[in-house]
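Participant:
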Amino acid sequence: MYFLAAEGGESTHNPIIPLWQEIVVGSVAFAVLCFVLMKFVFPRMEQTFQARVDAIEGGIKRAEAAQAEANQLLEQYRAQLAEARTDAAKIRDDARADAEGIRQDILGKAREESDRIIAAGKEQLAAERATIVRELRAEVGTIAVDLASKIVGESLADEARRKGTVDRFLSNLESTGAR
Amino acid sequence: MFGQANVLAAGQAAFPPSVEDFYLPSILPWGAHDSYWFTKITAMVWVAVGILIIFFLATYRKPQLVPTKKQWLAESIYGFVRNNIAVDMIGHRGVRFAPYFTTLFCFVLLTNFFAIVPLFQISPNSHIAFPAVLAVISYVMFNYVGIRHHGFVKYFKNSLIPPAPWYILPLLIPIEFFSTFLVRPFSLAVRLFANMFAGHMLLLVFTLGGFAMLSANAWLAPVSVLSWVMTIALTFLEFLVICLQAYVFTVLTASYVQGALADEH
Numbered sequence: 013m014y015f016l017a018a019e020g021g022e023s024t025h026n027p028i029i030p031l032w033q034e035i036v037v038g039s040v041a042f043a044v045l046c047f048v049l050m051k052f053v054f055p056r057m058e059q060t061f062q063a064r065v066d067a068i069e070g071g072i073k074r075a076e077a078a079q080a081e082a083n084q085l086l087e088q089y090r091a092q093l094a095e096a097r098t099d100a101a102k103i104r105d106d107a108r109a110d111a112e113g114i115r116q117d118i119l120g121k122a123r124e125e126s127d128r129i130i131a132a133g134k135e136q137l138a139a140e141r142a143t144i145v146r147e148l149r150a151e152v153g154t155i156a157v158d159l160a161s162k163i164v165g166e167s168l169a170d171e172a173r174r175k176g177t178v179d180r181f182l183s184n185l186e187s188t189g190a191r
Numbered sequence: 055m056f057g058q059a060n061v062l063a064a065g066q067a068a069f070p071p072s073v074e075d076f077y078l079p080s081i082l083p084w085g086a087h088d089s090y091w092f093t094k095i096t097a098m099v100w101v102a103v104g105i106l107i108i109f110f111l112a113t114y115r116k117p118q119l120v121p122t123k124k125q126w127l128a129e130s131i132y133g134f135v136r137n138n139i140a141v142d143m144i145g146h147r148g149v150r151f152a153p154y155f156t157t158l159f160c161f162v163l164l165t166n167f168f169a170i171v172p173l174f175q176i177s178p179n180s181h182i183a184f185p186a187v188l189a190v191i192s193y194v195m196f197n198y199v200g201i202r203h204h205g206f207v208k209y210f211k212n213s214l215i216p217p218a219p220w221y222i223l224p225l226l227i228p229i230e231f232f233s234t235f236l237v238r239p240f241s242l243a244v245r246l247f248a249n250m251f252a253g254h255m256l257l258l259v260f261t262l263g264g265f266a267m268l269s270a271n272a273w274l275a276p277v278s279v280l281s282w283v284m285t286i287a288l289t290f291l292e293f294l295v296i297c298l299q300a301y302v303f304t305v306l307t308a309s310y311v312q313g314a315l316a317d318e319h
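Residue numbers (the working numbering), protein chains in the order written: chain E, 13 to 191; chain Z, 55 to 319.
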């Protein structure tokens, strides 16, 4: 059996000579495979690769744009902040100056007012004093005369002389008192 | 003239294996020995084509920017051939050849791989018809591409006349012609065919050898076991050869296309 197979085989088949049926089958099968894969699969893969590259590059570009925008915003905020700071400083200075002005104003007014009050008081005092002095002078004269007439027991006829004596006495009294 | 399967079923090993073991009986009509239209070999070719078409169409039906696992796998295969073979060998012009190279690579790899898949266990590429078809396509392709790129006369001038002193040219031109236009398709086809043929033959020798020794003498059983262990080891070697030959076939095709497109020698 085995000998038959071996001998028969060598005469029927030569492995280096292709079978034409297999060439046909191989060509057709491989052609079908090539057609399907090269038409429907690999071009789409190429497209997907391209889309992926685009997506990545687009992403980078978008990120760069966003970065630039963020930087610009940051600059803007910084500028605004600096501006706000100077504004605040200016407002503070103004307020301080205003406060100083107002203080001076109030102080002046108060001083004026106090001066006025003091002056009025003084004036009033002087007037009252003058009144009192005048009243006292009249009364002191009468009392002194009454006293003197009682003591001396005589009425002084000469009114003018009597008045002069009293006045002189009083002014002497005043000048010594003031001293 | 029984098939190898019958022999094994009868408990008797046909040893040593012969070329006939590569020509299994036809499936349709069942058991015929002179009909080659529908055999295990051609069926495997169709299965390979079917698997590849279904795999790629299924994984790439709805491609997304952020790939799913399967899509990533399909893209990796294409990306490998595109970047590591087509672009590396040919440059940016190689991108347009990448679809064909990938198809070629996948087809050769899968049909080779059948050599060690249980139940398939033989590669269609151990029949020279299939490597021959692929080699003829590569041959036609690189010549067509070269003629289209350079024009007919300039292409042959570029290919046949190396930059050498004039007195050596009478020797060099026949050699160039022989190596470029005659040997290339044969070497391409025979390299793949012979590797797969020899691989299958090796596995047969060690597998059937084990049976042969066992049936010859029961005391040889340990040697039979060693023989089968060798089969397993050789299967790993075969896997290496499978991948390597698929890669080599694609790289050589790319290299021929690159040579045809090159401006200078």
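Beta carbons are placed, not taken as given, at the ideal position from N, Cα and C, and that holds for glycine.
From a predicted model like this one, the values you see are computed outputs, not experimental measurements.
Which of the three DSSP states is assigned to T157 (chain Z) in this structure?
Facilitator: The answer is helix: DSSP assigns T157 (chain Z) an H, G or I state.
Participant: Does the beta-carbon of Q79 (chain E) have 16 or more other beta-carbons within 10 angstroms, so that it is buried, or is it exposed?
Facilitator: Per the 10 Å Cβ criterion, exposed.
Participant: Name, please, each residue of chain E whose Cβ falls closer than 7 Å to the Cβ of Y46 (chain Z).
Facilitator: Summary: the structure shown does not reach residue 46 (chain Z), with chain Z confined to residues 55 through 319, and so no result is reported for it.
Participant: What is the DSSP secondary structure of L31 (chain E), counted as helix, strand or coil?
Facilitator: In the structure shown, L31 (chain E) sits in coil (DSSP, three-state: anything other than H, G, I, E or B).
Participant: Counting only Cβ-Cβ distances shorter than 9 Å, please list the residues of the region 210-234 of chain Z near chain E, keeping chain order.
Facilitator: Listed in sequence order: no entries.
Participant: Is it the case that the Cβ atoms of I35 (chain E) and A183 (chain Z) are separated by a distance below 7 Å?
Facilitator: Taking 7 Å as the Cβ cut-off, I35 (chain E) and A183 (chain Z) qualify as a contacting pair.
Participant: Let me know if H181 (chain Z) comes out buried or exposed under the rule of 16 or more other beta-carbons within 10 Å of its beta-carbon.
Facilitator: It is buried - the Cβ of H181 (chain Z) has at least 16 other Cβ atoms within 10 Å.
Participant: Where does the unbroken alpha helix (DSSP H) through G85 (chain Z) begin, and where does it stop?
Facilitator: Element bounds for G85 (chain Z): n/a, residue is neither H nor E.
Participant: State the start and end residues of the unbroken alpha helix (DSSP H) segment that holds K51 (chain E).
Facilitator: Segment: none, K51 (chain E) is in no alpha helix (DSSP H) and carries neither H nor E.
Participant: Counting only Cβ-Cβ distances shorter than 7 Å, please list the residues of the region 117-146 of chain Z near chain E, keeping chain order.
Facilitator: Residues P117, L119, E129, Y132.
Participant: Just checking: is the beta-carbon of T304 (chain Z) within a distance shorter than 7 Å of some beta-carbon in chain E?
Facilitator: T304 (chain Z) does not count as touching chain E.
Participant: Closer than 6 Å to a non-hydrogen atom of the ligand ADP - does that hold for the CB of G113 (chain E)?
Facilitator: You won't find the ligand ADP in this model; it holds no ligand whatsoever.
Participant: A140 (chain Z) and A128 (chain Z): beta carbons closer than 7 Å?
Facilitator: Taking 7 Å as the Cβ cut-off, A140 (chain Z) and A128 (chain Z) do not qualify as a contacting pair.
Participant: Considering only residues of the same chain and omitting the five flanking positions on each side of L256 (chain Z), which have a CB-CB separation below 8 Å?
Facilitator: Excluding positions up to five away in sequence, the list reads L288, E292.
Participant: Taking Cβ positions only, does V40 (chain E) come closer than 7 Å to chain Z?
Facilitator: With 7 Å as the cut-off, V40 (chain E) does not count as an interface residue toward chain Z.
Participant: For V305 (chain Z), which option in Z:L106, Z:F134, Z:F260, Z:A266 has the closest C-alpha, if you only look at C-alpha atoms?
Facilitator: Residue Z:F134 is the option with its Cα nearest to V305 (chain Z).
Participant: Find the residues of chain Z that neighbour R64 (chain E), judging by a C-beta separation of less than 7 Å, and give them in chain order.
Facilitator: Per Cβ cutoff of 7 Å: L119.
Participant: At 9 Å on the CB atoms, spell out the chain E contacts of T307 (chain Z), in chain order.
Facilitator: Ordered by position in chain E, no residue passes the 9 Å Cβ test against T307 (chain Z), which lies about 13 Å from the chain.
Participant: Contact check, N179 (chain Z) vs L246 (chain Z) under 8 Å by CB: the rounded distance?
Facilitator: Going by Cβ atoms, the distance from N179 (chain Z) to L246 (chain Z) rounds to 5 Å, so yes, they are a contact pair.
Participant: Tell me, please, whether the region 236-254 of chain Z touches the region 200-208 of chain Z by the rule of three or more beta-carbon pairs shorter than 8 Å.
Facilitator: The region 236-254 of chain Z is not in contact with the region 200-208 of chain Z.
Participant: Tell me the start and end of each unbroken alpha helix (DSSP H) in the region 44-102 of chain E that is at least 4 residues and wholly inside, in chain order.
Facilitator: DSSP runs (the alpha helix (DSSP H)) wholly in the region 44-102 of chain E: none.
Participant: Apart from the five residues just before and just after F240 (chain Z), which ones in its own chain have a Cβ nearer than 6 Å to its Cβ?
Facilitator: Once the five neighbours on either side are set aside, F240 (chain Z) has no close Cβ partner at all.
Participant: Check whether chain Z comes within 7 Å of A67 (chain E), counting only Cβ atoms and requiring the distance to be less than that.
Facilitator: So, interface residue.
Participant: If contacts are defined as beta-carbon pairs under 8 Å, then I296 (chain Z) and A169 (chain Z) qualify, I think. What distance do you get, rounded to the angstrom?
Facilitator: Sure, about 6 Å apart at Cβ, within 8 Å.
Participant: Any beta carbon of chain E sitting closer than 7 Å to that of G65 (chain Z)?
Facilitator: Its pLDDT being 47, under 50, G65 (chain Z) is placed unreliably by the model, and the measurement read from it follows with that caveat. Chain E, which has no Cβ nearer than 7 Å to the Cβ of G65 (chain Z), makes this no.
Participant: Taking any Cβ of chain Z, which residues in the region 67-89 of chain E have a Cβ under 8 Å from it, in chain order?
Facilitator: Going along the region 67-89 of chain E in chain order, one finds A67 with a Cβ nearer than 8 Å to chain Z.
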